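Below: the structure, in structure tokens.
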Amino acid sequence: MFAVCVCLASIVHGGVYMHSDWLSDKPEKHGLDARILADVLEEGAQEPGLRSLLVVRNGLLVGERYYGGASAADLQPLNSITKSVSSVLVGQALQRGVIRGGVSATVRELLPEAVAMAPDSPAANVTVAQILSGRAGLSYDWQVQYDELISAPDLVSMALALPADPITPRAWTYNDPLIGLISPILLRVEGADLADIAARDLFTPLGIERYEWTRDNAGRSLSYAGLALRPRDLMKVIWTMAEKGKWRGRGVIPEEWVGDSTRSRGAASWRVKPVTDIGYGYLWFTGFLHGHAVVWGWGYGGQFALWVPILRLAVASAAVSPPAEQLAAQTDAIMALIARLVQAAR
């Protein structure tokens, strides 16, 4: 039996009310089958790696459950959903015009001092768009090289040392070191660390007060992983994206960037059942779930930051990182719960 901490009733039984910084309401008032929702939230307790499930419809919190001793106050690691948050920060920087050349700017142009030390690096001519879309044509295998990445004295040097992929140069590659360049790029053009930029431009407007952010061995906040948020605060980011960049009527993320970053640039090679036609935009996954277009951030182990635009439905999950041999099963199990929530929406 796994411990379950329910800090908000899994289904709201009263009328609309304020709970912390979210308004809550009964799911059936928003076209969500309350029985299915209750069943899914209850069954989440049978998934040992799951720590939280939150459901928002029409901007109201209609379901919330915590598992394994977790609570609403806990900061949960987002793992690679950090990449999607980094995409948001790039979009905001582009709107301010601090990235000269926009998404066509190259690593050589944005990190000239570093590239001067490795002028023949294949990464030097990679563009921001190629970094964000996973189509830079450089070889990297996260399953083999991740330990090297986290122990690297200088992440920039590791990225610049990546070789060109001679076999599938146009294929999608989940390239952590290249995505890791977002942090030093924004540090150079903004004059501030990634975490400080996020606090100023994203977290403060959304009322996010608590977070943790892992730094690399050079002292920079990571842009490929390392962010931890309360699940309710992650949901704020999701819902702001779902609302075309607005939080409670105020523009926070550029609407144009929401559209650009969530438009698939081609197929991604990763799979999670029962999602189909999985693609990749600018550090956001795209696909179809029960016939509906969905967009999501995806973290190792089943962290999902997902929304269904046509249904005005969003789901956030947090989970612990499983052993590699359990990864696929845990990820599929959590997405299966989310898929049932999508089915419950009318």
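With full-length UniProt numbering, letter number 265 in the sequence shown gets 265, and the count goes up by one each step, no holes. Virtual Cβ for every residue (Gly too), placed ideally from N, Cα, C. Predicted model only: the values in this text are computed from it and were never measured.
Looking only at C-alpha atoms, which of L341, N217, F203 sits nearest to Y211?
By 1-based counting over the sequence shown, the position of residue 211 is 211. Comparing Cα-Cα distances from Y211 to each of L341, N217, F203, the minimum goes to F203.
Limits of the alpha helix (DSSP H) - the one that S133 falls within:
Along the sequence shown, read from residue 1 onward, the residue named residue 133 stands at position 133. Counting along the chain, the alpha helix (DSSP H) containing S133 begins and ends at 128–133.
Please return the same chain residues whose Cβ sits closer than 6 angstroms to the Cβ of D21, not counting the five positions on each side in sequence.
Taking the first residue of the sequence shown as position 1, residue 21 is located at position 21. The residues are G207.
Other residues of its chain near I197: CB distance less than 7 angstroms, five sequence neighbours each side excluded
Your numbering for residue 197 matches position 197 in the sequence shown. Correct list, in chain order: L89, L186, E190.
Three or more C-beta pairs below 8 angstroms linking the stretch 292–302 and the stretch 77–97
Taking 8 angstroms as the limit for Cβ pairs, the verdict is that the stretch 77–97 does touch the stretch 292–302.
Are the stretch 256–267 and the stretch 240–248 touching, with three or more C-beta to C-beta distances below 8 angstroms?
yes
If we ignore side chains and look at the alpha-carbon of each, how far apart do R57 and V237 end up?
Here residue 57 refers to the residue found at position 57 of the sequence shown. Here residue 237 refers to the residue found at position 237 of the sequence shown. Whole-angstrom Cα-Cα distance: 14 angstroms.
According to the neighbour-count rule (16 or more other Cβ atoms, all chains shown, within 10 Å of its Cβ), is S24 buried or exposed?
Counting from one through the sequence shown, the residue named residue 24 turns up at place 24. Classification of S24: buried, given that the 10 Å Cβ count is 16 or more.
What span of residues does the beta strand (DSSP E) with T276 cover, start to end?
Counting from 1 along the sequence shown, the entry for residue 276 is found at position 276. Here the beta strand (DSSP E) through T276 covers 276–280.
Nearest-angstrom beta carbon gap, F285 and D277 [assumed within contact, 8 angstroms]:
For the purposes of this step, residue 277 is taken as residue 277 along the sequence shown, with counting starting at 1. For the purposes of this step, residue 285 is taken as residue 285 along the sequence shown, with counting starting at 1. Incorrect: roughly 11 angstroms between the Cβ atoms, too far for contact.
Measuring only the C-alpha atoms, how far is A318 from I334?
The residue labelled residue 318 in the question sits at position 318 within the sequence shown. The residue labelled residue 334 in the question sits at position 334 within the sequence shown. So the two alpha carbons sit approximately 9 angstroms from each other.
Where D332 sits in the DSSP three-state scheme:
Here residue 332 is taken as the residue at index 332 of the sequence shown, counted from 1. It is helical.
Check whether the Cβ atoms of A72 and R232 lie closer than 8 angstroms to each other.
In the sequence shown, counting from the first residue as 1, residue 72 sits at position 72. In the sequence shown, counting from the first residue as 1, residue 232 sits at position 232. Cβ distance < 8 angstroms, so A72 and R232 count as in contact.
Please report the distance separating the alpha-carbon of R340 from that of P48.
Position 340 of the sequence shown, counted from the start, is the residue given in the question as residue 340. Position 48 of the sequence shown, counted from the start, is the residue given in the question as residue 48. Straight-line Cα distance between these residues: approximately 19 angstroms.
At a cut of 8 angstroms, does the stretch 214–222 reach the stretch 150–168 through at least three beta carbon pairs?
yes
Assumed close pair S87, L283 - CB separation to whole angstroms, cut-off 8 angstroms:
For the purposes of this step, residue 87 is identified with residue 87 of the sequence shown, where counting begins at 1. For the purposes of this step, residue 283 is identified with residue 283 of the sequence shown, where counting begins at 1. About 4 angstroms separates the Cβ atoms of S87 and L283, confirming a contact at the 8 angstroms cut-off.
Need the endpoints of the beta strand (DSSP E) that L289 sits in, please.
Here residue 289 refers to the residue found at position 289 when the sequence shown is read from its first residue. Run containing L289: 285–289, per the beta strand (DSSP E) assignment.
Close beta carbons around V107, own chain, < 6 angstroms, minus the five adjacent residues each side
For the purposes of this step, residue 107 is taken as residue 107 along the sequence shown, with counting starting at 1. Correct list, in chain order: A123, A124, V126.
Short of 6 angstroms in beta carbon distance, which residues of its chain neighbour V115, apart from the five on each side in sequence? Order them along the chain.
Mapped onto the sequence shown, residue 115 falls at position 115. Counting only Cβ-Cβ distances below 6 angstroms, and skipping sequence neighbours, we find R108, A124.
Secondary structure at E209, three-state DSSP: helix, strand or coil?
For this step, residue 209 is matched to residue 209 along the sequence shown. Looking at E209 - three-state DSSP - the assignment turns out to be coil, as it is neither helix nor strand.
Could you give the uninterrupted runs of the alpha helix (DSSP H) lying entirely in the stretch 72–123, keeping only those of 4 residues or more?
Counting whole runs of 4 or more residues, the stretch 72–123 contains the alpha helix (DSSP H) stretches 81–96, 107–110, 112–116.
Just verifying my parser: in three-state terms, what is the DSSP assignment at A70?
In the sequence shown, counting from the first residue as 1, residue 70 sits at position 70. Of the three classes helix, strand and coil, the one that applies to A70 here is coil, per DSSP.
Leaving aside the five residues before and after G226 along the sequence, list all residues of the same chain whose C-beta is less than 7 angstroms from its C-beta, in chain order.
Residue 226 sits at position 226 when you count from the first residue of the sequence shown. Only T82, W213, T214 meet the Cβ criterion.
Taking Y280 and R265 to be in contact with their CB atoms under 8 angstroms, please state how far apart those CB atoms are, rounded to whole angstroms.
Position 280 of the sequence shown, counted from the first residue, corresponds to residue 280. Position 265 of the sequence shown, counted from the first residue, corresponds to residue 265. That pair is a contact at about 6 angstroms.
Taking the C-alpha atoms as reference points, what is the distance between L111 and P27?
Along the sequence shown, read from residue 1 onward, the residue named residue 111 stands at position 111. Along the sequence shown, read from residue 1 onward, the residue named residue 27 stands at position 27. Roughly 49 angstroms separates the two Cα atoms.
Close beta carbons around V315, own chain, < 6 angstroms, minus the five adjacent residues each side:
Sequence index remark: in the sequence shown, residue 315 carries index 315 (1-based). The residues are V55, L306, I338, L341.
Top-ranked residue by Cα proximity to R65, from G59, L75, D74, L53
Translated into positions along the sequence shown, residue 65 becomes position 65. It is L53 whose Cα lies nearest to the Cα of R65.
In whole angstroms, what is the alpha-carbon distance linking A118 and A159?
Along the sequence shown, one-based indexing puts residue 118 at 118. Along the sequence shown, one-based indexing puts residue 159 at 159. So the two alpha carbons sit approximately 11 angstroms from each other.
Give the secondary structure of R188 by DSSP, where H, G and I count as helix, E and B as strand, and everything else as coil.
By 1-based counting over the sequence shown, the position of residue 188 is 188. It is helical.
Go ahead and label A268 buried or exposed: buried means 16 or more other beta carbons lie within 10 angstroms of its beta carbon, across all protein chains shown.
Taking the first residue of the sequence shown as position 1, residue 268 is located at position 268. Buried: at least 16 other Cβ atoms inside 10 Å.
Whole-number beta carbon distance between Q76 and L229, since they are thought to touch under 8 angstroms
As a first step, residue 229 is located in the sequence shown; it is residue number 229 there, counting from the start. As a first step, residue 76 is located in the sequence shown; it is residue number 76 there, counting from the start. Indeed they touch by this definition, with Cβ atoms about 7 angstroms apart.
Proximity of L162 and I131 at Cβ, strictly below 8 angstroms:
Working through the sequence shown from its first residue, we reach residue 162 at position 162. Working through the sequence shown from its first residue, we reach residue 131 at position 131. Cβ distance not < 8 angstroms, so L162 and I131 don't count as in contact.
Who are the near neighbours of S139 in its chain, counting only those whose CB is closer than 8 angstroms to its CB and skipping five residues on each side?
By one-based count along the sequence shown, residue 139 stands at place 139. Same-chain partners within the cutoff: L162, P163, A164, D165, T173.
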